[in-house]
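Converting from the sequence shown to the working numbering requires adding 141 to each position, the first position being numbered 1.
Glycine included, each C-beta is placed from N, C-alpha and C at the ideal position.
Worksheet: the structure to be examined is printed underneath.
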Amino acid sequence: LAGGSLTPALAGAALATGLIARRLDIPALRWCVAGLAVIVAARLAWDPALIQGGLSDRLILNGLVTAYGLPALCFGLAAWAIRRPDRPADIPEQVAQALSLLLSGLFAFLQIRHALHGGTLADPGTSVLEQGLTTLTSLGFSLVLVRFSGPSASPVIRFAGLAFACLALFQGALGLGLAANPLLTDEPITGGLILNDAVLAYALPAAAAFALARAAGGVRPVWFVRMAGGLGLALSFLALCLAVRHGFQGERLGLDRETGQAEWYAYSAVWLGLGLVALGYGILRGSATARLASAVLVGLATLKVFLFDLSGLEGPLRALSFLGLGGCLIGIGLVYQRLVFAPAPRPAAPDA
């Protein structure tokens, strides 16, 4: 055995060993599973490219399945096979779980790159859609692992959920925020006005981040929930800004392109709208963090109106900008007065 067949063979041997250990109750075989996992991990560290030779351009059903997907499945099943009922996960089980999750993540990420680069994994460069799908995948892994993070969950499950979420944050900040941001790269965006690469790359991860923040409440630390919610808000903000710019500019969104007055006004309206949505969610859910995010967005829109719209807009758009901002601020003040800072009801007078 050599090349691309070695890893699947070792993974299959680990699964067979785990099933034998489960049926015959031989504790030593459980450590054999861990040993095989360590060998595969060392092989992966030495050369992460487990595929030797060319890779077909077929989607999903390609060499990545046997190189990464099948070993991930085998080690996941091996971890299940050597699990001891009513006992915490021990080292052999945790090692098999960790390798299964690592191979699963690599399989998903490489499938995305394979699909978007015509089967050439070593193709230089990236795209906003690739960065968005990678971020979405990381958030999806974290969300699934949060669902399995019960009181008796393995430490590997809990740590992997945190690791995938941190990877999504890193990917969102550097990948979507800087490296592949179409505002900075001026790369052409494909798709229509509503469904296009930019909106999908930011809106889908934003929705996944909000879902992760909601699922992690009471299960993960407070900083984790706030991190996921903050990532969702930031990606939502960028998605709306890119949608507005795509509607006015077309397929190229670079900041060096001239911004018209109608587009400039649309940003104020979109920022205020997102701030009002965050405020409504914060009031309905009793979330002080969401209300704080709403205050930041409304404050940002207010600064834009006074610092830029005052000098950049003319005629009706300038009037609409100030009237819209004033109406929103008055409405927000009334909402806080009636719902957030409402006086407590007076106690009923005692009967005489």
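Nonlocal neighbours in the same chain, by C-beta distance under 8 Å from residue i, ignoring five residues either side
| i | result |
| --- | --- |
| L156 | C215, F216, L218, A219, A222 |
| L325 | L319, G395, L396 |
| A483 | With a pLDDT of only 45 at A483, under the threshold of 50, the placement of this residue in the model should not be trusted; the figure read from the coordinates follows. Excluding sequence neighbours, A483 sits near nothing in its chain. |
| L205 | I192, L196, F248, L251, Q252, H255 |
| R361 | V287, S290, G302, L303 |
| L147 | R184 |
| T158 | L170, C173, V174, L177, A219 |
| L379 | L317, G318, N322, Y343 |
| A419 | L374, A431, R432, A434, S435, L438 |
| A485 | For A485, the pLDDT reaches just 46, beneath the cut-off of 50, and the residue's location in the model is therefore unreliable, although a value from the coordinates is still provided. Closer than 8 Å at the Cβ level, and outside the excluded window around A485, lies no residue. |
Residue i (DSSP reduced to helix, strand or coil)
| i | result |
| --- | --- |
| L151 | helix |
| G332 | strand |
Backbone CA spacing between residue i and residue j [nearest angstrom]
| i | j | result |
| --- | --- | --- |
| A407 | N322 | 20 Å |
| L372 | N203 | 33 Å |
| A301 | L270 | 24 Å |
| R163 | L170 | 9 Å |
| M368 | T400 | 32 Å |
| V363 | S435 | 19 Å |
| L185 | L191 | 7 Å |
| G246 | F282 | 8 Å |
| L200 | L433 | 44 Å |
| T331 | W172 | 51 Å |
| A352 | L160 | 36 Å |
| Q238 | I298 | 8 Å |
| G414 | R393 | 25 Å |
| L177 | F365 | 34 Å |
| S377 | D231 | 41 Å |
| T443 | Y422 | 21 Å |
| V181 | P233 | 14 Å |
| A354 | P229 | 27 Å |
| L438 | Q390 | 24 Å |
| D198 | S290 | 37 Å |
| V446 | F305 | 38 Å |
| D166 | L240 | 23 Å |
| L286 | L448 | 45 Å |
| F311 | W187 | 25 Å |
| V411 | L441 | 11 Å |
| P168 | A294 | 21 Å |
| L381 | A314 | 17 Å |
| A263 | A375 | 30 Å |
| L284 | R398 | 38 Å |
| A493 | A350 | Interpretation of A493 is limited by its pLDDT of 43, a score under 50 that renders its predicted location unreliable; the figure taken from the coordinates is listed afterwards. Roughly 57 Å separates the two Cα atoms. |
| H258 | E328 | 16 Å |
| D227 | P189 | 36 Å |
6 Å Cβ shell around residue i - same chain, five flanking residues per side excluded
| i | result |
| --- | --- |
| S428 | none |
| L308 | S279 |
| V236 | A175, A178 |
| R224 | E234 |
| L242 | A301 |
| P416 | Note on residue identity: the sequence assigns Gly, not Pro, to residue 416. So the qualifying residues of the chain are S435, L438, V439. |
Cutoff 7 Å; reference residue i; Cβ partners in own chain excluding five residues on either side
| i | result |
| --- | --- |
| Y209 | L191, L244, L247, F248, L251 |
| N337 | I330, T331, H387 |
| A152 | V181, L211, P212, C215, F216 |
| A154 | L177 |
| G260 | L196, S197, D198 |
CB-CB length for residue i against residue j, believed under 8 Å
| i | j | result |
| --- | --- | --- |
| R426 | A356 | 14 Å between Cβ atoms; not a contact. |
| L334 | Q272 | Actually they do not touch by this definition, with Cβ atoms about 22 Å apart. |
| T430 | G370 | 6 Å |
| T207 | P296 | Incorrect: roughly 30 Å between the Cβ atoms, too far for contact. |
Min CB distance residue i to chain C below 8 Å
| i | result |
| --- | --- |
| R164 | The chain labelled as chain C is not found in the depicted structure, where only one protein chain is given. |
query = Is there contact here, the region 332-348 with the region 264-279, by at least three beta-carbon pairs under 8 Å?
reply = yes
ask   = Is it a yes or a no for the region 402-418 touching the region 376-392, going by three-plus beta-carbon pairs under 8 Å?
value = yes
inquiry  = Pairs of beta-carbons, one from the region 250-270 and one from the region 332-344, closer than 8 Å: are there three or more?
reply    = yes
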